[in-house]
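Chemist: The number in the working numbering is simply the position in the sequence shown, starting from 1, with 17 added.
The C-beta atom is built at its ideal place from N, Cα and C for all residues, glycine as well.
Let me give you the structure first, and then I'll get to my questions.
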Amino acid sequence: MAWRRSTRSPARLRWLYSESPSARKRIVPASCVTGGFIVDIGPKTIEQYSQQLVTAQTIYWNGPLGMAEIEHFSTGTQAVAREISRTSCAVKIAGGGETTAAIDRFGFSKDIDYLSTGGAAFLSAVEGAPLPGVAVLQNKEAAREAGLGKQEVSR
18 MAWRRSTRSP ARLRWLYSES PSARKRIVPA SCVTGGFIVD IGPKTIEQYS
68 QQLVTAQTIY WNGPLGMAEI EHFSTGTQAV AREISRTSCA VKIAGGGETT
118 AAIDRFGFSK DIDYLSTGGA AFLSAVEGAP LPGVAVLQNK EAAREAGLGK
168 QEVSR
């Protein structure tokens, strides 16, 4: 796929992509990207991440590494998913709908210890932050235990 500037809207910069397998794909350092989008990680980043994953004891993964829903830009996400699946010493936890969809699409779901479709909520739970939906339920329960009526429970 290739990105090109759209001439339809001169007031706003718009980019379109071509799904042609012969479309040009450039691999450049992130610092060299101007006027476009970074849509995947490159081989050097994949290698750096892979080296870190080999020694990891716990892996939390939230978010694909680019536009993984488009096959032409899924190389980095697929490579990292493969490396995580090969890591045998780590507890492997992944969260987020796009992340779990990519892991499933690449066939690595069975190698991940815990998959959650919750993205931000998943990270909040891992951090120990209160989850709004759970907090409401806990507050209702606490109110009932205190003998407060339905009208007296604040929202």
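I need the DSSP call for residue 148, collapsed to helix, strand or coil.
Modeler: In the structure shown, residue 148 sits in coil (DSSP, three-state: anything other than H, G, I, E or B).
Chemist: Identify the continuous alpha helix (DSSP H) that holds residue 105 and give its terminal residues.
Modeler: Run containing residue 105: none; DSSP gives neither H nor E here.
Chemist: Are residue 141 and residue 132 closer than 8 Å when you measure CB to CB?
Modeler: Cβ distance not < 8 Å, so residue 141 and residue 132 don't count as in contact.
Chemist: Taking the alpha carbon of residue 44 as the point to measure from, which residue in 110, 93, 148 has its own alpha carbon closest?
Modeler: The candidate whose alpha carbon is nearest that of residue 44 is 93.
Chemist: Roughly how many angstroms lie between the CA atoms of residue 27 and residue 106, to the nearest whole one?
Modeler: With a pLDDT of 37 at residue 27, under the threshold of 50, the modelled position of that residue is not reliable, and no figure is offered here.
Chemist: Assign residue 113 to one of two classes, buried (16 or more other C-beta atoms within 10 Å of its C-beta) or exposed (fewer than that).
Modeler: Result: buried.
Chemist: Whole angstroms is fine: what's the gap from residue 95's alpha carbon to residue 81's?
Modeler: Using only the alpha carbons, I get a separation of about 9 Å.
Chemist: Please check the pair residue 84 and residue 56, which I expect to be a contact at CB under 8 Å, by giving their CB distance rounded to whole angstroms.
Modeler: Between residue 56 and residue 84 the Cβ distance is about 5 Å, and since that is below 8 Å, they are a contact.
Chemist: Hey, would you say residue 115 sits closer than 8 Å to residue 88, going by beta carbons?
Modeler: No; because the gap between Cβ atoms is not below 8 Å, this pair is not in contact.
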